[in-house]
Amino acid sequence: MTFPTATPSSQGIDPVALADFVDAVDTDPRIEAHGLIVQRRGRRVLEAYWSPHRAGEARLVYSLSKSFTGAALGLAVGDGLVSLDDRVADHLGDLMVDPGPLTERTLIRHIASMSSGHRDETLLDAFMAEPDDPLRGYFTLEPDHEPGTWFAYNQPPVLALSALLHRVTGRRLVDQLRARVLEPIGIGNLRWYQYRPGVDLGFSGVFTDLDAIARFGQLHLDDGVWDGRRLLPEGWVGLASSIQVTNEQRIEPDWSRGYGFQLWMCRHGFRGDGAFGQYMVVLPEQDAVVAFFSHTEDMQSFMDLIWDRLLPAFDPPRTPDPSADAAVAERTSALQHPTASARSGWAGSPSVAVRGSFTRADGVASHSSITGVEIDGAHLLLHEGDLVTRVPLSSSWVDVAGVPMSASAAADGDGRLTVDLVLRASPHRLELTTDPTTSTFTATWPLFPLFGMGLDTALARIGPPPD
Numbered sequence: 301m302t303f304p305t306a307t308p309s310s311q312g313i314d315p316v317a318l319a320d321f322v323d324a325v326d327t328d329p330r331i332e333a334h335g336l337i338v339q340r341r342g343r344r345v346l347e348a349y350w351s352p353h354r355a356g357e358a359r360l361v362y363s364l365s366k367s368f369t370g371a372a373l374g375l376a377v378g379d380g381l382v383s384l385d386d387r388v389a390d391h392l393g394d395l396m397v398d399p400g401p402l403t404e405r406t407l408i409r410h411i412a413s414m415s416s417g418h419r420d421e422t423l424l425d426a427f428m429a430e431p432d433d434p435l436r437g438y439f440t441l442e443p444d445h446e447p448g449t450w451f452a453y454n455q456p457p458v459l460a461l462s463a464l465l466h467r468v469t470g471r472r473l474v475d476q477l478r479a480r481v482l483e484p485i486g487i488g489n490l491r492w493y494q495y496r497p498g499v500d501l502g503f504s505g506v507f508t509d510l511d512a513i514a515r516f517g518q519l520h521l522d523d524g525v526w527d528g529r530r531l532l533p534e535g536w537v538g539l540a541s542s543i544q545v546t547n548e549q550r551i552e553p554d555w556s557r558g559y560g561f562q563l564w565m566c567r568h569g570f571r572g573d574g575a576f577g578q579y580m581v582v583l584p585e586q587d588a589v590v591a592f593f594s595h596t597e598d599m600q601s602f603m604d605l606i607w608d609r610l611l612p613a614f615d616p617p618r619t620p621d622p623s624a625d626a627a628v629a630e631r632t633s634a635l636q637h638p639t640a641s642a643r644s645g646w647a648g649s650p651s652v653a654v655r656g657s658f659t660r661a662d663g664v665a666s667h668s669s670i671t672g673v674e675i676d677g678a679h680l681l682l683h684e685g686d687l688v689t690r691v692p693l694s695s696s697w698v699d700v701a702g703v704p705m706s707a708s709a710a711a712d713g714d715g716r717l718t719v720d721l722v723l724r725a726s727p728h729r730l731e732l733t734t735d736p737t738t739s740t741f742t743a744t745w746p747l748f749p750l751f752g753m754g755l756d757t758a759l760a761r762i763g764p765p766p767d
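Taking the working numbering, the leading residue of the sequence shown gets 301, the next gets one more, and so forth.
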């Protein structure tokens, strides 16, 4: 199902301002851009990817998964299977041992809106309380405040919501959504990691592509209706995208506007987002959707660029401007992630790197699954236990055969090699460097991955779970 496309100016967008927005995203040192989609009036006016990232590849979207959990809740509420005012204990009481009064008073609306009453994130405490079943561990943690009165961004309540929805429907979240929401809007490649068989992780674990995020955003923009067919219950999107709990204690301008049901309020519109810069931004006043994949620790920076650079492009009425539209298309046709040479400043061809075998350097927190590397000239051999991945050595971006990984390499005058490994099924990039003077290597993450990426497996096996 192809999403309708149009030129920017035909949809009332200034193509010059749109190109300026792309330039700002591309050159901002705080943001490593991977993919960008802009839609207006139900038409896709821009879709761009920074090589080696590309269209159609599913990746971990971290907490943007929560917005899909919210939609599954909407279906269950619309079907009359649950009420937002049901007590959680009435559905999951068998997981609770001597619950306190605040836990007993916790409602579904509280765990769905980050207002369970816990002062802070409880994921680590839940694991410490019950290492083999952190959901049970979570229910041992009595809230610090009356439920509904305090915002804390918190993972276990969303896991509890996923488990609760599984109880009342008898199905996984992804299965609830697939037939009724995802497939009707053209999303066919969404996968979700499970906490237990049948129970999706809820707070994270979704793997899907940027097109899916843009489509899901469009569904929310259109109040749960797609091609004239209502998919989400009437009124659900309006409820989920309205303030359910205030969060003024947050200092970031777009993280202190209130929280709905698995959606953030923004200075304009609302959004779902995931760690390290995965966004679904819905702008009802502008009749627009922005979907963006990236690698950043400053998530406010992209939101600022939307307000400062993109929003002005929607303001003036436009007449079609084919030449300016063509300039935007040309500008976005050859975007590229900085290579290892550009990142490191090393100008040497990887062919001049000293060959040999390298062991992990002491005193450096290198990624633990890599037990050794070899340089045999044209390839770097990445050893992870019994698994060996052959990484082509090239100064430009090249794909690693058989896995969603791309690499770029450079050498310095001393024969050291640096390789950037882009794990395309995630937001992440690993920087690996060899030192021939010590026959050692380091392999470090610029931004260390969070729970749910599957780091207990080999890098070459990180990717969407089986359906």
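Beta carbons are placed, not taken as given, at the ideal position from N, Cα and C, and that holds for glycine. Quantities reported herein were computed from a predicted structural model and do not represent experimental measurements.
### Query
On the three-state DSSP scale, how would you describe residue 369?
As a working mapping, residue 369 is identified with position 69 in the sequence shown. In the three-state scheme derived from DSSP, where H, G and I count as helix and E and B as strand, residue 369 is classed as helix.
#### Entry: Sub-8 Å separation of residue 641 and residue 710 beta-carbons
Start at 1 with the first residue of the sequence shown, and residue 641 comes out as number 341. Start at 1 with the first residue of the sequence shown, and residue 710 comes out as number 410. Closer than 8 Å, so yes.
### Member of 677, 497 and 436 whose CA lies at the smallest distance from the CA of residue 656
Within the sequence shown, numbered from 1, the residue matching residue 656 stands at position 356. Out of 677, 497 and 436, 677 has the C-alpha closest to the C-alpha of residue 656.
### For residue 311, three-class secondary structure by DSSP
Numbered from 1 along the sequence shown, position 11 holds the residue referred to as residue 311. Here DSSP, grouped into helix, strand and coil, assigns residue 311 to helix.
### Query
Apart from the five residues just before and just after residue 713, which ones in its own chain have a Cβ nearer than 7 Å to its Cβ?
Within the sequence shown, residue 713 is the residue found at index 413, counting from 1. Cβ neighbours of residue 713 beyond the five flanking positions: 648.
#### Entry: Status (buried if at least 16 other CB within 10 Å, exposed otherwise) for residue 549
For the purposes of this step, residue 549 is taken as residue 249 along the sequence shown, with counting starting at 1. Under the 10 Å beta carbon count, residue 549 is surrounded by fewer than 16 other beta carbons and is classified as exposed.
### Query
Just how far apart, CA to CA, sit residue 542 and residue 523?
In the sequence shown, the residue the question calls residue 542 occupies position 242. In the sequence shown, the residue the question calls residue 523 occupies position 223. In a straight line, the C-alpha of residue 542 is about 13 Å away from that of residue 523.
### Task
Note the first and the last residue of the continuous beta strand (DSSP E) segment covering residue 497.
Translated into positions along the sequence shown, residue 497 becomes position 197. It is not in any beta strand (DSSP E) - residue 497 carries neither H nor E in the DSSP assignment.
### Query
By DSSP, does residue 438 sit in helix, in strand, or in coil?
Residue mapping note: residue 438 aligns to position 138 of the sequence shown, counting from 1. In the structure shown, residue 438 sits in a helix (DSSP, three-state: H, G or I).
#### Entry: Proximity of residue 727 and residue 507 at Cβ, strictly below 8 Å
The count along the sequence shown starts at 1 and reaches residue 727 at position 427. The count along the sequence shown starts at 1 and reaches residue 507 at position 207. Their beta carbons are not under 8 Å apart, which means residue 727 does not touch residue 507 by this criterion.
### Query
Which residues in the same chain as residue 603 place their Cβ atom closer than 6 Å to its Cβ, once the five residues preceding and following it in sequence are excluded?
Start at 1 with the first residue of the sequence shown, and residue 603 comes out as number 303. Contacts found: 554.
### Query
Who are the Cβ neighbours of residue 369 in its own chain at under 7 Å, not counting the five residues just before and after it?
As a first step, residue 369 must be located in the sequence shown, where it is residue number 69. Result list for residue 369: 458, 461, 462, 473, 502 and 562, in chain order.
### Query
Hey, how far is the Cα of residue 374 from the Cα of residue 476?
As a first step, residue 374 must be located in the sequence shown, where it is residue number 74. As a first step, residue 476 must be located in the sequence shown, where it is residue number 176. In a straight line, the C-alpha of residue 374 is about 11 Å away from that of residue 476.
#### Entry: Meets three-Cβ-pair contact criterion under 8 Å: the region 578-598 and the region 484-500
The region 578-598 is not in contact with the region 484-500.
### Opening and closing residue of the beta strand (DSSP E) in which residue 602 lies
Indexing the sequence shown from 1 puts residue 602 at position 302. Where residue 602 is concerned, there is no enclosing beta strand (DSSP E), although the alpha helix (DSSP H) it sits in stretches over 599-605.
### Message
Please report the distance separating the alpha-carbon of residue 748 from that of residue 301.
### Response
Residue 748 sits at position 448 when you count from the first residue of the sequence shown. Residue 301 sits at position 1 when you count from the first residue of the sequence shown. For residue 748 and residue 301, the distance between alpha carbons rounds to 36 Å.
### Query
Using CA coordinates, which residue listed in 669, 722, 724 and 419 is at the minimum distance from residue 758?
Along the sequence shown, one-based indexing puts residue 758 at 458. Checking every option, the nearest Cα to that of residue 758 belongs to 669.
### Query
If you drop the 5 nearest sequence neighbours on each side, which residues of the same chain put their C-beta closer than 8 Å to that of residue 326?
Position 26 of the sequence shown, counting from 1, holds the residue named residue 326. Answer for residue 326: 333, 350 and 635, listed in chain order.
### Task
Please determine if the region 443-455 and the region 352-359 are in contact, where contact requires at least 3 C-beta pairs separated by less than 8 Å.
Segments in contact, no.
### Query
How long is the line joining the alpha carbons of residue 700 and residue 719, rounded to whole angstroms?
Locating residue 700 in the sequence shown gives position 400, counting from the first residue. Locating residue 719 in the sequence shown gives position 419, counting from the first residue. Rounded to the nearest angstrom, the gap between the Cα atoms of residue 700 and residue 719 is 12 Å.
### Message
Helix, strand or coil, according to DSSP, for residue 327 in the structure here?
### Response
For this step, residue 327 is matched to residue 27 along the sequence shown. DSSP places residue 327 within a helical segment (H, G or I) once states are collapsed to three.
### Message
At the level of alpha carbons, what is the spacing between residue 559 and residue 509?
### Response
Translated into the one-based positions of the sequence shown, residue 559 becomes position 259. Translated into the one-based positions of the sequence shown, residue 509 becomes position 209. Cα-Cα distance, rounded: 25 Å.
### alpha helix (DSSP H) runs wholly inside the region 609-668, at least 4 long, in chain order
Listed in chain order, the complete alpha helix (DSSP H) runs (minimum 4 residues) inside the region 609-668 are 622-631 and 640-644.
### Query
Can you round the beta-carbon distance between residue 576 and residue 552 to whole angstroms, since I take them to be within the 8 Å contact cut?
One-based indexing of the sequence shown puts residue 576 at position 276. One-based indexing of the sequence shown puts residue 552 at position 252. The Cβ separation is near 15 Å, so there is no contact.
### Message
Can you tell me where the beta strand (DSSP E) holding residue 334 begins and where it ends?
### Response
Locating residue 334 in the sequence shown gives position 34, counting from the first residue. Run containing residue 334: 332-340, per the beta strand (DSSP E) assignment.
### Query
Is it right to say residue 521 is buried, meaning 16 or more other beta carbons lie within 10 angstroms of its own, or is it exposed?
Taking the first residue of the sequence shown as position 1, residue 521 is located at position 221. Answer is buried; the Cβ neighbour count reaches 16.
### Query
If we count the other Cβ atoms within 10 Å of its Cβ and call it buried at 16 or more, is residue 401 buried or exposed?
In the sequence shown, counting from the first residue as 1, residue 401 sits at position 101. If you draw a 10 Å sphere on the C-beta of residue 401, you find fewer than 16 other C-beta atoms in it, and that means exposed.
### Task
Determine the DSSP secondary structure at residue 563, reduced to helix, strand or coil.
In the sequence shown, residue 563 corresponds to position 263, counting from 1. In the structure shown, residue 563 falls within a coil segment according to DSSP collapsed to helix, strand and coil.
#### Entry: Boundaries of the beta strand (DSSP E) in which residue 731 is found, first to last residue
Residue mapping note: residue 731 aligns to position 431 of the sequence shown, counting from 1. Going by DSSP, residue 731 is part of the beta strand (DSSP E) stretching over 729-735.
### Query
Among 653, 685, 663 and 686, which residue has its Cα nearest to the Cα of residue 675?
In the sequence shown, the residue the question calls residue 675 occupies position 375. Of the listed residues, the one whose Cα sits closest to residue 675 is 653.
### Query
What is the DSSP secondary structure of residue 476, reduced to helix, strand or coil?
Walking along the sequence shown from the start, residue 476 turns up at place 176. Residue 476 falls in the helix class under three-state DSSP.
### Message
Less than 8 Å between C-beta atoms, sequence neighbours within five positions excluded: which residues of the same chain meet that for residue 468?
### Response
The residue you call residue 468 lines up with position 168 of the sequence shown. Setting aside the 5 residues that flank it on each side, residue 468 is surrounded in the same chain by 376, 381, 382 and 391, each with a C-beta closer than 8 Å to its C-beta; the list follows chain order.
### Query
Out of curiosity, what's the CA-to-CA distance linking residue 750 and residue 619?
Within the sequence shown, numbered from 1, the residue matching residue 750 stands at position 450. Within the sequence shown, numbered from 1, the residue matching residue 619 stands at position 319. About 46 Å.
### Message
Just to confirm before moving on: does the CB-CB distance between residue 625 and residue 315 stay below 8 Å?
### Response
As a position in the sequence shown, residue 625 is number 325, starting the count at 1. As a position in the sequence shown, residue 315 is number 15, starting the count at 1. Yes; because the gap between Cβ atoms is below 8 Å, this pair is in contact.
#### Entry: Helix, strand or coil at residue 518 [DSSP, three-state]
Taking the first residue of the sequence shown as position 1, residue 518 is located at position 218. In this structure, residue 518 counts as helix in the three-state DSSP scheme.
### Query
Taking just the CA atoms, how far does residue 613 sit from residue 514?
Position 214 of the sequence shown, counted from the first residue, corresponds to residue 514. Position 313 of the sequence shown, counted from the first residue, corresponds to residue 613. Taking the straight line from one Cα to the other gives about 19 Å.
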